[in-house]
Structure formats: C-alpha cells, structure tokens
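Chemist: Handing you a structure now.
Protein chains in written order, with this note's numbering: chain H, 1 to 405; chain U, 406 to 810.
Spelled out as structure tokens, the structure:
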C-alpha cells in the first residue's frame with residue numbers, strides 16, 4: 001500500500017511539473033497579440049514556422065486555457081483568461097465562413113480570412129467546447145448562446161440532414177459512420193451538461209443515443225472496435241470497414257467511463273474497460289518497439305495509411321487518461337500497471353527535456369520523425385488535457401488512500 | 406567505352422527482365438474479369454485486399470497496357486489489348502459522375518458507382534491518357550473524341566473558369582498554382598500531339614504556356630524548385646510556399662527535356678538539367694541512408710507531412726528516367742553515374758525478389774514500411790513506365806555506340 005502510495009505520488013508530481021512546463025511553452029510562444037488567437041505551428045524550440053490558424057486548435061486552446069483557469073488554482077491567472085478571451089473573440093468573429101450560416105472554416109489566415117473548409121462537424125465541435133468553457137469562466141451569456149446554437153446545428157447535421165456540410169451525394173458512397181462522430185458528440189454533451197440541469201435534461205436522449213452508436217463499433221463478436229461501420233451498425237466492406245484506430249477507441253473508452261460513472265452502471269463499466277480500453281490497447285501495442293500503432297487492419301492486412309506504424313503523441317496521452325481513470329473507478333491494479341507502462345513509454349519518447357512540450361510524431365522504432373512541437377493537428381490540447389486529468393485523478397486517488405501531499 | 410557499353414547492356418537487360426515480371430504481376434492479379442477495369446489494392450503477394458477502383462489508376466493502367474502493346478513487340482498481345490479495352494469501356498461508362506458534365510470521380514465501386522470526387526483535374530487527366538492511347542491502338546475515333554473533349558474541358562478549368570471543379574471560393578485562399586497542374590498538362594500535350602499535326606498546332610501555344618508556368622516554380626534566385634507558387638509567379642508565405650517535392654521536380658525535368666529536344670534548344674536543356682534534375686536530386690537525396698525524401702522545406706524547417714522522410718517508389722522511378730534521358734541527350738557521364746546511383750538504390754530497396762512488383766513505401770532507413778504492392782495511389786504505372794522508358798533509352802544508346810544485342 002505504501003509502495004502504491006509512493007508510486008501515485010511520484011506520478012502526480014511528475015505530471016503536475018510537466019503540465020506547468022508544457023503550459024509555459026504555449027503561453028510563451030503561441031499567442032498572437034495582434035489579432036487574438038493562437039499560432040500552433042511551432043518548431044521544436046517554439047518558433048512560429050507558419051502563421052495559419054487551424055480552427056480545431058483555436059477552439060481547443062481556448063477550452064484548455066479556460067478549463068485550467070477554472071479548475072486549477074495555480075492557473076487561475078489573468079493572463080490565461082485574457083488569452084482565452086482573445087482567442088474566443090477571434091473565433092466569434094472569424095470562424096464561421098458565411099454567417100449567419102453555422103459552417104466553420106478548417107483553417108484561417110492570421111487575420112481571420114477563411115482558407116479551407118472540411119465537410120465534417122469537427123471545427124464546429126471545438127468551437128462549442130471553447131464557447132461553453134468561456135461562458136463558465138466569464139458568465140457572459142453570449143458565449144453560452146453560441147455554444148448551444150452551434151450544438152443544435154451539429155445535432156441536426158448528424159441526425160437529420162447533412163446538406164449544410166456540403167458533401168456531394170454520390171451513389172456509391174456507403175452510408176457509414178465514423179466512431180469520431182458519436183464520441184465527439186458524447187464529449188460535447190459531457191461538456192455542456194456539467195452543473196446545468198436544463199441542458200442535462202435537454203441532451204439526455206442524445207447522450208444515450210451517442211453511447212448506443214459508439215457501442216455498435218464493437219464488431220466481430222466483440223473481438224474488435226472498428227473505426228467505421230454502416231449506418232445500420234454492420235461491418236463495411238474493404239479497408240474502410242477493417243480500419244482500426246487503437247488510440248481513438250481508447251479515447252472513446254474514457255468518454256464512456258464517465259458516462260458509466262454518471263449512470264452508476266458497473267456492468268457497463270466492465271464492458272467498456274474490456275472492449276474499448278484493454279482490447280484496443282493489446283491489439284495496438286507494438287510488442288517489438290513499444291508504443292501504440294496509429295492504424296491497424298482487423299484482418300492483418302497492411303493499412304494503406306503511410307503513417308500506420310508511426311507512434312503519435314495523442315493515442316498515448318488518451319491511454320494514460322483511460323488507464324488511470326479505469327484504475328480509479330475499479331481499483332484493479334492491473335490497470336495501474338498499464339498506466340505506468342504507457343506513461344513510461346510516453347515520458348521516455350515524447351517528452352523533450354529541452355523544451356517542455358512533447359514531440360508528436362515518432363517512427364515505429366520510437367525515434368522522433370517530425371521535430372515540430374505544434375502543427376496543423378497538434379496544439380495546446382491533448383498533452384495538457386492528459387496531464388491535467390491525470391493530476392486530478394491521481395490527487396483523488398491519493399486523497400482516498402490518505403496520503404496526498 | 407567497352408566498359409560503358411557493358412554497363413548499359415547490363416542495365417538494359419536488368420530493366421527489360423524486371424518489366425516482364427512486373428507486367429506479369431499486374432496481368433495475373435489485377436484484372437476484374439466481371440466488370441472490366443482493374444483492382445489495384447494488391448498485397449505483397451498480389452492478393453486483392455480492397456476492390457475499390459481509383460480512377461487515376463484505372464486510366465494509368467489502360468494507358469500503360471496500350472503503350473506497351475503499341476511500342477513493344479513482346480507486349481503486342483491480344484490479352485493486353487483486351488484488358489486495356491475492358492478498362493477503357495469501364496471508364497467510358499462510369500468515370501463521369503453526372504454526364505454529360507465532364508467531372509470524373511476519384512474512386513468508384515467495383516461495379517462503377519462513384520464514391521468520392523476530388524476538386525482537381527487529375528482523374529480527368531488520366532482519363533485523357535487512357536482514351537488517347539486506346540485510340541492509337543484501336544483507331545476507334547470515339548476514344549479520341551473523348552480524349553480531346555476532356556482535354557478542352559480541363560484547359561478551360563485551368564485557364565478560364567475553375568467553377569466546374571466545385572471548389573468553394575474562400576477569401577483567404579491564396580491564388581496558388583501547384584507544379585502538378587502545368588506539368589500534367591505538358592505531359593498530356595506530349596501524349597496528344599505525337600504524330601498528330603492538327604493537334605500539334607492546336608496545342609502549340611498551350612505547350613509553351615505550360616513550360617513557362619513550370620519554369621516559374623524555380624525560385625530563390627534559381628536555388629530551389631518550389632511546389633506551390635502564387636498565380637503571378639511569386640513565392641507564397643508559410644509551409645505551402647516553402648514546400649519542395651524533389652521527385653515531382655525531377656519528373657517535371659524529364660517532361661521538360663522532351664520539350665527541349667523537340668525545340669532543339671540546348672541552352673534550355675542545360676537549364677532544365679541543372680534546375681529540375683540535378684538541384685532537386687542533390688537537395689532531396691538523403692546523405693545518411695540514401696534515397697530521395699518525399700517532402701522538404703526550403704528553409705530547413707521540418708515539413709508537416711507525416712511521411713516527409715519516407716522513401717517512395719515513384720520519385721526514384723522518375724529519377725531513373727530523368728538521369729538516363731539526360732545522359733542520352735548530352736553524353737555527360739556524370740549523369741550516367743547518377744542514373745546508376747538511383748537505379749542501384751531502387752533495385753536494392755524497392756524491388757522484391759519474391760514477387761516482381763516493387764514495394765512502394767519505405768521508411769527513412771530504407772526498410773519496407775507498407776508491404777502493399779498496390780493501393781489507392783500505386784498501380785500499374787510508374788514502375789512499368791520507368792522500366793519501359795529506360796529500356797528504350799538504353800537500347801537507343803547501345804545502338805548509337807554500336808553494341809546492342
């Protein structure tokens with residue numbers, strides 16, 4: 001017990017220290033003081049190598065800043081709130097391509113002109129996360145109105161009519177669902193309903209719908225989580241149908257664990273840990289070099305994604321969250337062991353002793369393949385979210401066993 | 406001289422033998438005898454792992470089959486012509502999404518229903534190559550009419566009005582030109598004007614325009630070929646502007662060499678060899694592990710493409726063509742040495758002694774990263790085109806020095 005307490009304390013200290021230095025990296029290097037918003041294309045030393053503003057990453061950074069400001073005393077600092085508000089105003093002003101239509105750009109110029117759009121819901125999802133969290137820290141209702149209006153729009157796009165997304169309707173396109181869609185919606189419901197009974201009620205049915213849809217991605221008699229399935233819950237033909245993304249399944253795992261906890265459903269919890277956390281972890285872990293593969297084919301064919309065998313930072317940060325949360329919810333020491341296994345790999349390979357923020361992209365052998373610290377898909381989000389959540393969960397565990405310092 | 410003759414003869418024998426076995430791989434494994442067209446998603450042993458039909462690769466395979474049928478006695482075989490015609494009929498029937506509109510799909514189901522489209526001209530380009538070459542071997546004018554009508558359409562999309570491509574007009578999108586567009590058009594003009602005086606006349610101005618546009622991608626006072634430039638021929642800001650793709654520049658190099666030869670312009674030829682072949686080769690060659698990088702940043706930043714340091718088959722096959730052609734046109738033995746350097750790397754790393762067709766995707770160290778032999782972007786095209794062109798050029802060289810066997 002004492003040994004366990006020491007291990008938990010040591011990991012808590014480690015992640016807390018890492019969170020401080022990672023946040024210092026973004027605070028120092030990413031703020032666009034002229035236009036608001038954030039530069040996320042940062043090289044290994046924090047130098048801006050491109051000034052494009054990716055809307056996913058703008059929304060995520062606003063969310064991260066507000067969440068830390070709101071829930072960590074040491075991050076409750078004016079400079080953090082100010083940067084978050086400047087990012088939020090940038091999004092309010094520029095994210096939508098043709099207001100009042102809700103469709104958001106994927107990437108903007110530094111001064112906010114749209115460059116590209118995606119025919120998906122994700123820019124809009126991170127817009128919602130930013131706006132809801134901004135409302136929580138500022139209490140300005142205009143932010144919350146934006147969040148709820150956008151949420152209602154994306155629910156209509158997903159459940160009623162996707163026409164506003166601009167996808168061409170082609171006769172051969174399979175009616176398919178990516179795991180990303182219901183899991184992202186579940187995550188948004190989590191975000192919106194916190195301490196908000198009216199929204200909790202409003203989105204209760206949506207939340208159950210999301211969970212049911214996510215569950216259908218468990219295929220092959222429970223032996224695999226497939227990234228894409230048909231609209232009626234069946235396996236799709238070809239590479240699309242056989243695709244697995246272990247990190248994504250594991251991330252869905254901890255979203256689902258939070259749901260199971262709210263419902264107090266321990267059978268569901270066991271199912272989630274088995275199917276969405278342990279199974280993808282064991283299939284996705286590289287027994288030769290360590291680390292989680294990015295993509296796999298359930299029948300063992302070679303995936304066609306060129307990066308399939310690379311080790312990306314975010315599946316590892318999601319696995320750290322999933323294992324420590326699953327351990328906290330169950331007390332199963334095997335889950336703590338797996339947390340340590342992933343966390344050791346992560347700190348040994350992604351952590352950069354020189355400049356705080358993690359590398360994002362390693363080759364199969366674990367060597368840094370891209371030296372960037374931020375880019376079109378890596379911003380101030382997965383690393384600090386992981387560190388902040390792990391710190392809180394470890395703190396809770398230490399309190400429970402009576403040893404927190 | 407005798408030593409050089411032996412080297413040329415040895416390489417000619419090697420590429421000829423390789424061409425035979427590579428073509429046997431596609432003949433045996435890729436034909437869809439039910440619907441016409443070709444399966445290109447083939448694993449390392451030739452097994453079909455997905456039955457999607459990528460329009461680029463359908464067009465390219467029809468072209469390759471016809472070109473070999475037309476220009477190589479040993480490939481002038483009924484089974485090759487029949488497969489090409491079946492592929493051509495498949496394209497005629499299914500490539501266009503909503504005929505009479507010319508826009509083609511990017512990928513079709515095995516029975517020809519469209520799944521995805523790209524908002525570019527490339528499916529259409531390979532459709533033209535297929536149709537023109539089919540006309541050359543069959544003399545059926547309906548193929549040539551298709552080719553010329555489609556050519557006129559893409560020229561209008563590129564030079565007059567891109568609206569039919571379906572790209573959203575966004576205020577921040579830079580007016581940019583990818584090197585791919587003028588070089589692909591130049592390649593198409595080459596294809597269409599062969600032994601065709603009326604079309605030679607019709608496309609003469611377009612050909613010069615393409616060459617001028619390609620030349621503008623030489624930037625930084627002649628020190629770099631940049632993949633994307635502004636519409637008025639200037640460097641673009643950010644990663645997009647700094648992007649280099651050595652294999653692409655080298656491929657443009659041999660397209661341009663053919664133009665310089667037609668014009669009899671030896672100054673232009675020297676410029677092309679220096680700027681489009683030698684310069685990208687020297688900047689793109691990995692001095693540590695050998696092979697050409699896929700992407701580079703002209704200022705030495707790390708590219709954001711996850712595959713930037715991978716070694717792909719096609720830059721190497723294009724470099725083999727470029728160096729042997731440049732050697733043939735100039736007699737400069739340094740160029741023959743570089744042909745040998747690239748060809749040795751290629752045969753040592755991409756060639757698979759077990760099953761003929763080359764691997765396509767190696768990691769930086771030269772180890773096979775994807776074991777597939779064909780996929781969404783790798784079909785029956787770059788490898789056999791390289792081998793066939795090298796065989797012909799080597800044959801011509803041997804004839805000139807009087808030693809062909």
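A virtual CB, placed ideally from N, CA and C, is assigned to each residue, including glycine. This structure is a prediction, so every number in the text was calculated from the model and none was measured.
#1: Please list, in chain order, the chain H residues whose beta carbon lies closer than 7 Å to that of residue 532/U.
#2: Let me confirm a value: residue 768/U is counted as buried when at least 16 other C-beta atoms fall within 10 Å, else exposed. Which label applies?
#3: Are there three or more Cβ pairs, one per stretch, closer than 8 Å when the region 151–159 of chain H is compared with the region 179–187 of chain H?
#4: Check for me: the beta strand (DSSP E) holding residue 329/H runs from which residue to which?
#5: Can you give me the C-alpha to C-alpha distance between residue 323/H and residue 11/H, rounded to a whole angstrom?
#6: To the nearest angstrom, report how far apart residue 799/U and residue 730/U are at their CA atoms.
#7: From which residue to which residue does the beta strand (DSSP E) around residue 114/H run?
#8: According to DSSP, simplified to helix, strand and coil, what is residue 693/U?
#9: What are the residues in the region 83–99 of chain H lying within 8 Å of chain U by C-beta distance?
#10: Say whether the region 506–513 of chain U touches the region 449–466 of chain U, bearing in mind that this needs 3 or more beta-carbon pairs closer than 8 Å, one atom from each stretch.
#11: Quick one: which unbroken alpha helix (DSSP H) runs of 4-plus residues sit fully inside the region 122–210 of chain H? Chain order, please.
#12: Quick one: is residue 576/U near chain H, going by C-beta distance under 7 Å?
#13: Closer than 8 Å by beta-carbon distance: list the chain C residues that pair up with residue 116/H, in chain order.
#14: Kindly indicate which residue of 47/H, 257/H, 294/H, 367/H has the alpha-carbon position closest to the one of residue 270/H.
#15: Just checking residue 562/U against the ligand MG - is the residue's beta carbon closer than 6 Å to any of the ligand's heavy atoms?
#16: Quickly, what does DSSP pair residue 630/U with across the bridge? List them, please.
#17: Determine the burial state of residue 758/U: buried for a count of at least 16 other Cβ atoms within 10 Å of its Cβ, exposed for fewer.
#18: List the residues of chain U that residue 228/H touches, going by C-beta distances under 8 Å, in chain order.
#19: Once DSSP output is grouped into helix, strand and coil, what is the label at residue 293/H?
#20: Can you name the residues of chain H whose CB is closer than 7 Å to the CB of residue 455/U?
#21: Alpha carbons only, please: which of 117/H, 365/H, 102/H, 351/H is nearest the one belonging to residue 575/U?
#22: Any Cβ of chain U within less than 7 Å of the Cβ of residue 121/H?
#23: Quick check: what's the CA-CA separation for residue 505/U versus residue 490/U?
#24: I'd like the span of the beta strand (DSSP E) that includes residue 455/U, first residue to last.
#25: In whole angstroms, give me the CA-to-CA distance for residue 627/U and residue 684/U.
#26: From what residue to what residue does the alpha helix (DSSP H) around residue 774/U run?
#27: What do you get for residue 405/H, buried or exposed, if any count of 16 or more other CB atoms within 10 angstroms of its CB means buried?
#28: Using the three-state DSSP reduction, which class does residue 359/H fall into: helix, strand or coil?
#29: Please classify residue 36/H as buried or exposed, where buried requires at least 16 neighbouring CB atoms within 10 angstroms.
#30: Once DSSP output is grouped into helix, strand and coil, what is the label at residue 640/U?
#31: According to DSSP, residue 446/U sits in a beta bridge with which residue or residues?
#32: Taking all protein chains shown into account, decide if residue 304/H is buried (16 or more other Cβ within 10 angstroms of its Cβ) or exposed.
#33: For residue 437/U, which residues from the same chain have a beta carbon less than 7 Å from its beta carbon, with the 5 sequence-adjacent residues on both sides left out?
#34: Residue 351/H by DSSP, collapsed to three states: which one?
#35: With a CB to CB cut of under 6 Å and the five nearest residues on each side skipped, what residues in its chain are close to residue 20/H?
#36: State buried or exposed for residue 452/U, treating a residue as buried only when at least 16 other CB atoms are found within 10 Å of its CB.
Modeler: This is what the structure gives:
#1: Simply none; closest approach about 17 Å.
#2: By the 10 Å Cβ count, residue 768/U comes out buried.
#3: A contact exists between the region 151–159 of chain H and the region 179–187 of chain H.
#4: Where residue 329/H is concerned, there is no enclosing beta strand (DSSP E), although the alpha helix (DSSP H) it sits in stretches over 313–330.
#5: Here the C-alpha atom of residue 323/H lies approximately 13 Å from the C-alpha atom of residue 11/H.
#6: Each residue's alpha carbon lies about 9 Å from the other.
#7: Unbroken beta strand (DSSP E) run through residue 114/H: 114–116.
#8: In the three-state reduction of the DSSP assignment, residue 693/U falls in the coil class.
#9: Here the close residues are 97.
#10: Put simply, the region 506–513 of chain U touches the region 449–466 of chain U. At least three CB pairs are less than 8 Å apart.
#11: List check, alpha helix (DSSP H) in window: 122–138, 141–159, 180–193, 197–202.
#12: At least one CB atom of chain H sits nearer than 7 Å to the CB of residue 576/U.
#13: Considering every chain present, this structure includes no chain C. Its protein chains are H and U.
#14: Nearest C-alpha to residue 270/H among 47/H, 257/H, 294/H, 367/H: 257/H.
#15: The ligand content of the structure shown is nil, which means the ligand MG is not present either.
#16: Per DSSP, 623/U.
#17: Burial is judged here by how many other beta carbons sit within 10 angstroms of a residue's own beta carbon; residue 758/U has fewer than 16 and is exposed.
#18: At a C-beta separation below 8 Å, residue 228/H has no neighbours in chain U, since its nearest C-beta there lies roughly 13 Å away.
#19: Residue 293/H sits in coil when the DSSP states are folded into three classes, being neither helix nor strand.
#20: Under the 7 Å cutoff, chain H gives 238, 239.
#21: Cα-wise, what sits closest to residue 575/U is 117/H.
#22: At least 7 Å separates the CB of residue 121/H from every CB of chain U.
#23: So the two alpha carbons sit approximately 22 Å from each other.
#24: Residue 455/U -> beta strand (DSSP E) spans 453–455.
#25: Those two C-alpha atoms are separated by around 10 Å.
#26: Careful: residue 774/U lies outside any alpha helix (DSSP H), inside the beta strand (DSSP E) at 773–775.
#27: The pLDDT assigned to residue 405/H is 49, lower than 50, so where the model puts this residue is not dependable; a value taken from the coordinates is nonetheless given after this. By the 10 Å Cβ count, residue 405/H comes out exposed.
#28: If DSSP states are grouped into helix, strand and coil, residue 359/H belongs with coil.
#29: Buried: at least 16 other Cβ atoms inside 10 Å.
#30: Residue 640/U: strand per DSSP, three-state reduction.
#31: Partner(s): 455/U.
#32: Classification for residue 304/H: buried.
#33: Within the same chain, residue 437/U has close Cβ partners 443, 444, 515.
#34: Residue 351/H falls in the coil class under three-state DSSP.
#35: Scanning its chain for C-beta atoms nearer than 6 Å, with the 5 sequence neighbours on each side dropped, one finds no residue around residue 20/H.
#36: When all chains shown are included, residue 452/U counts as exposed.
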